[in-house]
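Engineer: According to my numbering, the sequence shown is numbered sequentially starting from -13.
Note that the Cβ used here is the ideal one computed from N, Cα and C, for glycine as well.
Note that the structure is a prediction, hence the values are computed from the model and not measured.
First the structure, then my questions, so here it is.
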Amino acid sequence: MRIGIVTATYLPSRNGVATSTALYARGLRALGHEVRIFAPRHPQVTGREEGVYRLNSSFAGARALGAPADYPVMLAPGPLLTSRLPLRDLDVLHTMHPFLAGQLALKWGRLVGAPVVYTAHTQYDQYLHYAPMPKRVGRAMLRPHVVAFARRVDTVLAPGQAMVDMLREYGFRGEVTLFPNPVDLTAFREARGEDFRQEFHIPADVPLVMYLGRLAPEKNLDVMIRAFDQARASRPDLRLLVVGDGPSRASAQASAPEGITFTGPVPYARVPEALAAADAFLTASTSEVLPMSMIEALAAGAPLVAARSPAALDLITEGVNGTVRGATPHDLAAGLLDTLDPARLPGLQVGARASAGQYALGTRASALEAVYRGTLARVRSR
């Protein structure tokens, strides 16, 4: 098949959609398919990228919308650029966005007679505080738009139950297929964390807790930090590494108590060794859908200690690969201490690695291939 993926974010931007898109492209190409990615231009990309077609973008627009610093906003291509894109022989289009990228996928799909698959990745209501408008206004505009878009595509996928629930709450009554994101398990299963620990002066026998991801208001960093501090009162040897960057980093770092180190962002190639260095992964976010970092932590053998969220409920089997607790410092601290109990931790680490198997790249790419073929067969039979 010739597959076109239209995405509003792609490498070298650092987020779950960009990472999972790149992984799916690799997995589908390994199955013999041709994958063409249509993504916004990124200033860090200067050379030619095989199979990637860059569209005009704006960083000023990203800042105005409150988007992350490495998330350029795609601009609509004009007729001349569109005529130069390899669209006409595509068999299927796939998008993760109901806004401009999704509208382009629909337009191009109708132009060339190709069906469109949509993966609903984001709980948009949780991010309205970034928009330059009152939340009530943003919600009133957002929900009907997402529903109308989902009705126009040919297949709707969702990486977790939270997204299915969101679409139902918005008013979408069509079919939605649960479809988790992939992880390259090889890199995480083979990773060793000794060098990462040494870099941040953490001895091998010191219990290490880690958070890895974007540092932003919706991540509830203050609750996470207070939970760790409460746990450390019972186990003074605990350390916490906060890996990542974002608008909340400065304030969180300024108020962080002893035992916490903010590493800043690390290259994605180092994420496996970072997570392999951890004994447990801690998050207080309640808005997660199915974040790559949590799946990657499981693959690296780090059990999850998570505030109750849709992602936590999808990913965690209590007592097998982690624990789900209330989004309070007290509850999370208790969960963290239980998880790090030397009598429990080794079994949880084994369970974490085993539970990540269902997200293996080869498995997920084959499943996506089946979704495309099923969509094509259904559309052609109409």
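In three-state terms, what does DSSP make of residue 360?
Structural biologist: If DSSP states are grouped into helix, strand and coil, residue 360 belongs with the helices.
Engineer: Could you spell out where the beta strand (DSSP E) holding residue -7 opens and where it closes?
Structural biologist: From DSSP, residue -7 is part of no beta strand (DSSP E); its letter is neither H nor E.
Engineer: With residue 267 as the anchor, note down where its beta strand (DSSP E) starts and where it stops.
Structural biologist: 266 to 269 is the extent of the beta strand (DSSP E) around residue 267.
Engineer: Please report the straight-line C-alpha distance between residue 350 and residue 299, rounded to a whole angstrom.
Structural biologist: If you take the alpha carbons of residue 350 and residue 299, they lie about 20 angstroms apart.
Engineer: Are the stretch 173 to 185 and the stretch 351 to 368 touching by the rule of at least three beta carbon pairs closer than 8 angstroms?
Structural biologist: No contact exists between the stretch 173 to 185 and the stretch 351 to 368.
Engineer: To the nearest angstrom, report how far apart residue 336 and residue 284 are at their CA atoms.
Structural biologist: Distance between the alpha carbons of residue 336 and residue 284: 9 angstroms.
Engineer: Suppose the cutoff is 7 angstroms on Cβ atoms and the five residues either side in sequence are ignored; what does the same chain contact list for residue 220 look like?
Structural biologist: Cβ within range, chain order: 323.
Engineer: Would the stretch 92 to 109 count as touching the stretch 135 to 143 if we require 3 or more Cβ pairs under 8 angstroms?
Structural biologist: Cβ pair count under 8 angstroms is three or more, so yes.
Engineer: What residue range is occupied by the uninterrupted beta strand (DSSP E) comprising residue 280?
Structural biologist: Element bounds for residue 280: not the beta strand (DSSP E) but the alpha helix (DSSP H), 278 to 285.
Engineer: With 16 other CB atoms within 10 Å as the buried threshold, where does residue 50 fall?
Structural biologist: With a pLDDT of 48 at residue 50, under the threshold of 50, the modelled position of this residue cannot be trusted, and the question is left open.
Engineer: Given this structure, state the Cα-to-Cα distance separating residue 70 from residue 41, to the nearest angstrom.
Structural biologist: Each residue's alpha carbon lies about 11 angstroms from the other.
Engineer: I want to know whether the stretch 20 to 33 touches the stretch -13 to -1 - three or more CB-CB distances under 8 angstroms.
Structural biologist: Counting Cβ pairs under 8 angstroms, three or more are found: they touch.
Engineer: Once DSSP output is grouped into helix, strand and coil, what is the label at residue 60?
Structural biologist: If DSSP states are grouped into helix, strand and coil, residue 60 belongs with the strands.
Engineer: Are the beta-carbon atoms of residue 209 and residue 270 separated by less than 8 angstroms?
Structural biologist: Cβ distance < 8 angstroms, so residue 209 and residue 270 count as in contact.
Engineer: So does the stretch 248 to 267 actually touch the stretch 198 to 214, counting three or more Cβ pairs closer than 8 angstroms?
Structural biologist: The answer is yes - the stretch 198 to 214 touches the stretch 248 to 267, with three or more Cβ pairs under 8 angstroms.
Engineer: Using 8 angstroms for Cβ pairs, my map puts residue 319 next to residue 216. What's the rounded Cβ distance?
Structural biologist: Contact holds; Cβ gap of about 4 angstroms.
Engineer: Measure the beta-carbon distance from residue 295 to residue 273 and round it to whole angstroms, keeping in mind my assumption that it falls under 8 angstroms.
Structural biologist: About 7 angstroms separates the two Cβ atoms, so the contact holds.
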